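Visitor:
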Amino acid sequence: MVSVSEVVEEDSKYLMQSFSRWYPLVIDHAEGSLVYDIEGRVYIDMNAGIGVMALGHRNRKVLNAIQTQMEKFLHYSLTDFYYELAVRVAKRLTGFFPWSTKVFYTNSGTESVEASLKIARASTGRQYILGFINSFHGRTFGSMSFTSSKYVQRSMFSPLLPSTLLLPYPDKHNPLCRDDCSAEVISYLEDWVLNKVVDPNDVAAVLLEPIQGEGGVVVPPKDFLQQLRSLTRRHGILLILDEVQTGIGRTGKMFAFEHFSVDPDLVCLAKALGGGLPLGAVVGREELMDLPRGSHANTFGGNPLALAAAEVVLEEVPRLLDHVSEVGKAIADKLNDIKSPYVEEVRGLGLMLGVDLRKGGRPYPEGLSKVLLNSFRRGVLAIGAGESVVRLLPPLVIEEELAMKATKVIKEEIEQI
Ligand code: PMP
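The sequence shown begins at 1 in full-length UniProt numbering and counts up by one.
(1) Less than 8 Å between the CB atoms is what I'm expecting for Gly247 and Ser108, so what's the real figure, rounded?
(2) Could you give the C-beta distance for Val380 and Val346, rounded to a whole number, given that I count them as a contact under 8 Å?
(3) Any chance the stretch 93-104 sits against the stretch 283-297, with 3 or more Cβ pairs inside 8 Å?
(4) Enumerate in chain order the residues of its own chain whose CB-to-CB distance from His259 is below 7 Å, with the five nearest sequence positions on each side excluded.
(5) Which term fits Lys271, buried or exposed, when burial requires 16 or more other beta carbons within 10 angstroms of its beta carbon?
(6) Have a look at Pro394 and Glu286 and give me their C-alpha separation to the nearest angstrom.
(7) Below 7 Å CB to CB, which residues in the same chain sit around Trp99 once its five sequence neighbours on both sides are set aside?
(8) Cβ of Ala270 within 7 Å of any heavy atom in the ligand PMP?
(9) Heavy atom of the ligand PMP less than 7 Å from the Cβ of Phe136, yes or no?
(10) One question on the structure: do Gly138 and Thr124 come within less than 8 Å of each other, judged by their Cβ atoms?
(11) Could you tell me which residues DSSP puts in a beta bridge with His57?
(12) Quick check on the DSSP output: the beta strand (DSSP E) that includes Ala122 runs from which residue to which?
(13) Considering only residues of the stretch 323-402, which uninterrupted beta strand (DSSP E) runs meet the minimum length of 3 residues and lie entirely inside it, listed in chain order?
(14) Please work out which residues of its chain come closer than 8 Å, Cβ to Cβ, to Lys329, disregarding the five sequence neighbours upstream and downstream, and give them in chain order.
(15) Grab me the residues of Tyr188's own chain with a C-beta within less than 8 Å of its C-beta, minus the 5 sequence neighbours each way, in chain order.
(16) Between Gln17 and Gln69, what straight-line distance do the alpha-carbon atoms span, to the nearest angstrom?
(17) Pop quiz: Val89 and Glu311 are said to be a contact at Cβ under 8 Å. What is the actual Cβ separation, rounded to whole angstroms?
(18) Helix, strand or coil: how does DSSP classify Val152 here?
(19) Throw me the rounded Cβ distance for the Val390 and Val371 pair, which I believe falls under 8 Å.
(20) Please work out which residues of its chain come closer than 6 Å, Cβ to Cβ, to Arg58, disregarding the five sequence neighbours upstream and downstream, and give them in chain order.
(21) Does the stretch 153-172 come close enough to the stretch 233-245 to have 3 or more Cβ pairs within less than 8 Å?
(22) Exposed or buried, Met53, counting other C-beta atoms within 10 Å across all chains shown (16 or more means buried)?
(23) Using a Cβ-based criterion (distance less than 7 Å to any ligand heavy atom), does Ser108 qualify as near the ligand PMP?
(24) Straight-line CA distance for residue 435 to Glu6?
(25) Whose C-alpha, out of Tyr23, Lys13, Ala48, is nearest the C-alpha of His29?
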């Protein structure tokens with residue numbers, strides 16, 4: 001039997017080490033909301049493979065659907081051919097949108113964002129795309145041009161996409177903001193950026209996450225998205241929401257935009273959509289989605305196994321939404337009970353939660369590392385976000401009792417620092 005330390009050592013020999021893990025979890029197998037390592041230890045999964053395993057691990061319905069599809073065919077590109085499963089899943093997906101939409105399939109979040117950028121430029125004939133500081137949209141060149149976080153080394157890869165601008169997100173830790181600063185951000189955009197920097201008629205789209213995930217679970221003020229929607233509409237600018245992390249039930253609604261009562265033009269999806277297999281999608285207003293032939297396509301988008309899993313995900317997740325809200329609230333209540341001078345704020349919606357740790361008002365990454373490592377040692381898998389936010393993204397099916405057991409460990413570890 002190989003040991004945890006052997007795998008970790010070999011991994012560093014044979015794999016590019018461009019990311020940093022919080023702790024040495026070497027997974028052997030998983031079931032429901034539990035993960036087992038190769039030395040037989042068991043962990044409560046409070047991250048779901050970074051927000052992916054919505055229905056938990058080894059969900060029978062997902063496995064059966066994949067198995068059935070596996071016996072038919074594994075791949076046959078949608079770029080040149082047809083299969084009914086692709087249509088069925090698209091029908092189901094568009095059924096969640098109260099306006100007419102069409103779907104383009106991808107294999108990941110970053111590809112969904114890339115596709116949305118191309119669709120926005122092609123369908124408006126405009127060049128500029130505006131994003132927000134502290135957002136995460138992926139690491140390929142287009143999406144990276146709108147990703148700005150300390151841990152994404154933008155400067156190493158410049159030049160990035162031209163005709164882009166990053167705006168301040170309405171986050172109370174933004175030094176220009178005091179509490180709710182959506183009005184300030186909106187007027188900055190309208191009165192300064194669109195008045196003095198770029199002609200609104202050159203702006204194709206504004207791209208943002210309805211809740212910044214990797215940036216630290218930052219929830220914008222309630223009316224911000226609505227104000228942004230009316231501003232974009234006034235100028236014929238498209239609104240692209242990146243719901244790669246927030247979508248598919250994560251926040252207690254099928255899509256986070258429902259919390260804010262806005263109707264985006266393009267929505268980027270991935271993560272939970274494929275039930276653990278690589279699948280992403282752009283869901284866009286019907287009139288935007290007919291690009292000239294050959295302008296956008298891929299070999300693997302809409303892989304049949306991933307679509308078979310997605311069909312189950314899209315059937316099961318709507319039934320889980322109340323559960324997500326209830327368990328999310330129970331976890332948040334417990335987190336709000338933490339007695340520690342380092343807890344700045346508990347944020348999030350549904351089962352997308354963050355505890356912002358700060359020391360003297362500044363991010364406290366050492367505190368975050370300690371909490372994650374010590375929780376891991378006690379059998380709980382959480383991850384970080386932003387500079388020092390403990391982030392919880394458990395499977396949407398997690399039983400309340402298990403979630404509370406894990407939350408208790410995290411609470412105690414935060415109180416220990
Ligand atoms: N957008 C958002 C909001 C994300 O959270 C992520 C991944 N964390 C991505 C895009 C990129 O997804 P992927 O890693 O599948 O390319």
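Idealized CB from N, CA, C, for every residue including glycine.
The structure presented is a predicted model; accordingly, all values stated were derived computationally and were not measured.
Guide: Working from what's here:
(1) Against the sequence shown, residue 247 aligns to sequence position 247. Against the sequence shown, residue 108 aligns to sequence position 108. Going by Cβ atoms, the distance from Gly247 to Ser108 rounds to 14 Å, so no, they are not a contact pair.
(2) Counting from 1 along the sequence shown, the entry for residue 380 is found at position 380. Counting from 1 along the sequence shown, the entry for residue 346 is found at position 346. Between Val346 and Val380 the Cβ distance is about 17 Å, and since that is not below 8 Å, they are no contact.
(3) Counting Cβ pairs under 8 Å, three or more are found: they touch.
(4) Here the question's residue 259 lines up with position 259 in the sequence shown. Thr251, Lys253, Leu349, listed in sequence order.
(5) In the sequence shown, the residue the question calls residue 271 occupies position 271. Burial call: buried.
(6) As a first step, residue 394 must be located in the sequence shown, where it is residue number 394. As a first step, residue 286 must be located in the sequence shown, where it is residue number 286. Those two C-alpha atoms are separated by around 33 Å.
(7) For this step, residue 99 is matched to residue 99 along the sequence shown. Its chain contains Asp263, Arg285 as the residues whose beta carbon lies nearer than 7 Å to that of Trp99, once the 5 sequence neighbours on both sides are disregarded; these appear in chain order.
(8) In the sequence shown, counting from the first residue as 1, residue 270 sits at position 270. Yes, the beta carbon of Ala270 sits closer than 7 Å to at least one heavy atom of the ligand PMP.
(9) Locating residue 136 in the sequence shown gives position 136, where the first residue counts as 1. Yes, since a heavy atom of the ligand PMP falls inside the 7 Å radius drawn around the Cβ of Phe136.
(10) On the sequence shown, residue 138 is found 138 positions in, with the first residue counted as 1. On the sequence shown, residue 124 is found 124 positions in, with the first residue counted as 1. No; because the gap between Cβ atoms is not below 8 Å, this pair is not in contact.
(11) Here residue 57 corresponds to residue number 57 of the sequence shown, with the count starting at 1. In the DSSP secondary-structure assignment, His57 is bridged to Gly32.
(12) The residue given as residue 122 occupies position 122 in the sequence shown. It is not in any beta strand (DSSP E) - Ala122 instead sits in the alpha helix (DSSP H) that spans 109-124.
(13) For the stretch 323-402, whole beta strand (DSSP E) runs of length 3 or above, ordered along the chain, are 343-349, 352-359, 383-385, 389-392.
(14) Working through the sequence shown from its first residue, we reach residue 329 at position 329. Hits under 8 Å: none found.
(15) Translated into the one-based positions of the sequence shown, residue 188 becomes position 188. Once the five neighbours on either side are set aside, the close Cβ partners of Tyr188 are Leu167, Pro168.
(16) The sequence position of residue 17 within the sequence shown is 17, counting from 1. The sequence position of residue 69 within the sequence shown is 69, counting from 1. Straight across, the Cα-Cα distance linking Gln17 with Gln69 is about 35 Å.
(17) Indexing the sequence shown from 1 puts residue 89 at position 89. Indexing the sequence shown from 1 puts residue 311 at position 311. Glu311 and Val89 do touch by the CB rule: their CB atoms are close to 5 Å apart, below 8 Å.
(18) Here residue 152 is taken as the residue at index 152 of the sequence shown, counted from 1. Looking at Val152 - three-state DSSP - the assignment turns out to be coil, as it is neither helix nor strand.
(19) By one-based count along the sequence shown, residue 390 stands at place 390. By one-based count along the sequence shown, residue 371 stands at place 371. Taking 8 Å as the upper bound for CB-CB distance, Val390 and Val371 are in contact here, some 6 Å apart.
(20) Indexing the sequence shown from 1 puts residue 58 at position 58. Correct list, in chain order: Glu31.
(21) These segments do not touch.
(22) Position 53 of the sequence shown, counted from the first residue, corresponds to residue 53. With 16 or more Cβ atoms within 10 Å of its Cβ, Met53 is classed as buried.
(23) As a working note, residue 108 is residue 108 in the sequence shown. Yes, the Cβ of Ser108 comes within 7 Å of a heavy atom of the ligand PMP.
(24) This structure cannot speak to residue 435, because the chain is shown only from 1 to 417.
(25) Walking along the sequence shown from the start, residue 29 turns up at place 29. Cα-wise, what sits closest to His29 is Ala48.
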